[in-house]
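Worksheet: the structure to be examined is printed underneath.
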Amino acid sequence: MSTFLEEDEMKCKMYLHFNRSESHIFEIGSGHHVIQNLKQNGELFDEWDWEKQVPSLPSAAYSLLRSSFKRPLSSSVHSVFHSSDNLTTKLLIKLHNGAFVETVIMRYDTRLGKYGGKPRPGGLRSTLCISSQVGCKMGCKFCATGSMGFKNNLTSGEIVEQLVHASCLSQIRNVVFMGMGEPLNNYSALVESIRVMTGLPFQLSLKRITVSTVGIIHGINKLHNDLPGLNLAISLHAPVQDIRCQIMPAARAFPLEKLMDSLREYQRNSQQKILIEYIMLDGVNDEEQHAHQLGKLMETFQVVVNLIPFNPIGTLSQFRTSSEQKVSSFQKILRGTYNIRTTVRKEMGQDISGACGQLVVNVPDKKSPGSAGPLTDIEDLVLNI
1 MSTFLEEDEM KCKMYLHFNR SESHIFEIGS GHHVIQNLKQ NGELFDEWDW
51 EKQVPSLPSA AYSLLRSSFK RPLSSSVHSV FHSSDNLTTK LLIKLHNGAF
101 VETVIMRYDT RLGKYGGKPR PGGLRSTLCI SSQVGCKMGC KFCATGSMGF
151 KNNLTSGEIV EQLVHASCLS QIRNVVFMGM GEPLNNYSAL VESIRVMTGL
201 PFQLSLKRIT VSTVGIIHGI NKLHNDLPGL NLAISLHAPV QDIRCQIMPA
251 ARAFPLEKLM DSLREYQRNS QQKILIEYIM LDGVNDEEQH AHQLGKLMET
301 FQVVVNLIPF NPIGTLSQFR TSSEQKVSSF QKILRGTYNI RTTVRKEMGQ
351 DISGACGQLV VNVPDKKSPG SAGPLTDIED LVLNI
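Following the UniProt record's numbering, the numbering of the sequence shown begins with 1 at its first residue and continues without gaps.
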């Protein structure tokens with residue numbers, strides 16, 4: 001973060017959050033937030049009029065802004081996809097280098113769910129699923145993003161700008177790093193972007209931010225010290241090493257035994273529950289024996305297991321979705337035999353390719369509607385446990 005203070009120009013204060021790509025988030029003066037103006041206008045302009053968008057600043061401030069910052073953001077929204085029930089919105093974002101990433105807004109009506117056996121108060125709240133890379137080099141066999149290969153890391157500014165764009169459409173309450181890419185393979189930008197998100201003007205709480213990883217051990221080992229209070233999710237997807245290696249090539253570099261040692265140390269230091277993500281692949285990892293193996297693996301940890309029915313991705317995968325009966329049986333074993341809290345993710349955004357594992361850049365010509373179903377709220381998984 002850099003600070004510019006112009007004493008001679010009516011003490012106009014400007015705080016600039018920026019990185020090497022020159023992406024910027026501003027707070028200008030007292031109460032003048034560019035993010036607020038973006039929300040009001042709902043869009044970005046190629047020719048940004050600073051006097052119009054952020055009025056009442058000293059004239060010298062506008063000269064500086066026009067010469068140094070042509071636009072407040074380096075990225076722009078290329079396309080927007082809405083589900084028919086308006087609970088899911090996927091944004092295709094064009095970066096300054098011409099590459100594209102996707103970010104997904106998921107809206108939840110808390111009144112439709114229950115907590116502790118009682119109806120929940122409140123109303124709609126939104127979670128943003130953020131990308132950290134263009135593509136991904138982890139190569140998970142069941143994930144569309146992995147089929148793209150790895151293109152490049154996002155800068156911290158490009159990560160934060162996904163939140164800025166989404167904030168034009170919804171008031172974002174939670175952020176999950178479960179979009180394109182492996183967040184811990186872009187560690188410094190991840191940490192810097194989260195620190196920006198928890199500061200002005202966003203002021204998100206760390207307990208409302210979740211980072212999901214396939215198990216990058218050296219990144220997990222640093223995470224609690226750098227971002228204490230952050231929620232950690234592990235894309236486990238198999239209870240034994242050989243199955244993990246079959247469906248997740250990165251597992252060869254991060255063996256299950258060493259990953260469990262790392263999680264044990266992380267939990268000892270953080271005293272927080274860990275979210276375990278487990279995709280259900282028919283005939284691969286969804287049998288009763290796999291449920292018992294997972295239960296024994298996790299029974300000494302404080303975790304919530306989230307079972308994720310596989311989302312079809314066209315011709316990119318040989319996998320099939322597990323039956324509801326298999327998913328239910330798997331859940332009952334973990335709950336009944338091992339007393340592990342286990343939820344089933346009900347996906348939203350499948351028809352706009354915004355569900356788990358479906359994010360892959362396809363640049364369309366125009367906006368396109370879709371349909372979706374309800375999804376278990378991330379707050380139910382990581383905040384109320």
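Even for Gly, the Cβ is constructed at its ideal location relative to N, Cα and C. Values in this document were obtained by computation on a predicted structure and should not be read as measured data.
Per DSSP, the bridge partner or partners of residue i
i      : result
Tyr278 : Leu307
Asp261 : Partner(s): none; Asp261 has no beta bridge.
Thr88  : Met106
Lys94  : Ser76, Phe100
His82  : Thr89
Asn174 : Thr127
Beta-carbon gap between residue i and residue j smaller than 8 Å
i           : j      : result
residue 388 : Thr210 : Only positions 1 to 385 of the chain appear in the structure, and residue 388 is not among them; the question remains open.
Leu281      : Ser322 : yes
Ser270      : His224 : yes
Tyr266      : Ile216 : no
Pro278      : Leu307 : At residue 278 the sequence reads Tyr, which differs from the Pro that was named. Closer than 8 Å, so yes.
Ala238      : Ser212 : no
Lys151      : Val175 : no
Arg173      : Arg252 : no
Ala291      : Phe319 : no
Run of the beta strand (DSSP E) containing residue i, from where it starts to where it stops
i      : result
Lys296 : First-last for Lys296: 288-298, but that is the alpha helix (DSSP H), not the beta strand (DSSP E).
Ala233 : 231-235
Ser126 : 124-129
Arg252 : Here Arg252 belongs to no beta strand (DSSP E), and DSSP marks it neither H nor E.
Gly135 : 133-135
Ile209 : 209-213
Val284 : No beta strand (DSSP E) contains Val284, which DSSP labels as neither H nor E.
Arg341 : 341-344
Limits of the alpha helix (DSSP H) - the one that residue i falls within
i      : result
Thr337 : 324-338
Leu73  : Leu73 -> no alpha helix (DSSP H), and no H or E assigned at all.
Ser188 : 187-197
Lys151 : Counting along the chain, Lys151 falls outside any alpha helix (DSSP H), though it belongs to the beta strand (DSSP E) covering 150-153.
Val240 : It is not in any alpha helix (DSSP H) - Val240 carries neither H nor E in the DSSP assignment.
Val164 : 156-167
Gly219 : 217-226
Among the options, nearest to residue i - alpha-carbon criterion
i      : options                        : result
Lys326 : Ile340, Glu299, Gln289, Gly135 : Gln289
Lys273 : Gly229, Ala251, Phe254         : Gly229
Phe254 : Thr145, Val214, Lys222         : Val214
Cys129 : Cys140, Ala60, Met178          : Met178
His333 : Thr88, Gly295, Phe310          : His is not the amino acid found at residue 333; the sequence shown has Ile there. Out of Thr88, Gly295, Phe310, Gly295 has the C-alpha closest to the C-alpha of Ile333.
Ser63  : Ser170, Leu91, Trp50           : Trp50
Lys236 : Glu192, Leu204, Asn285         : The amino acid occupying residue 236 in the given sequence is Leu; Lys does not appear at that position. Measuring from the Cα of Leu236, the nearest candidate turns out to be Asn285.
Sufficient close CB pairs (3 or more, under 8 Å) joining the stretch 147-163 to the stretch 88-103: Touching, yes.
The stretch 127-144 touching the stretch 231-248, judged by at least three CB pairs closer than 8 Å: Contact between the stretch 127-144 and the stretch 231-248 is established, with three or more Cβ pairs separated by less than 8 Å.
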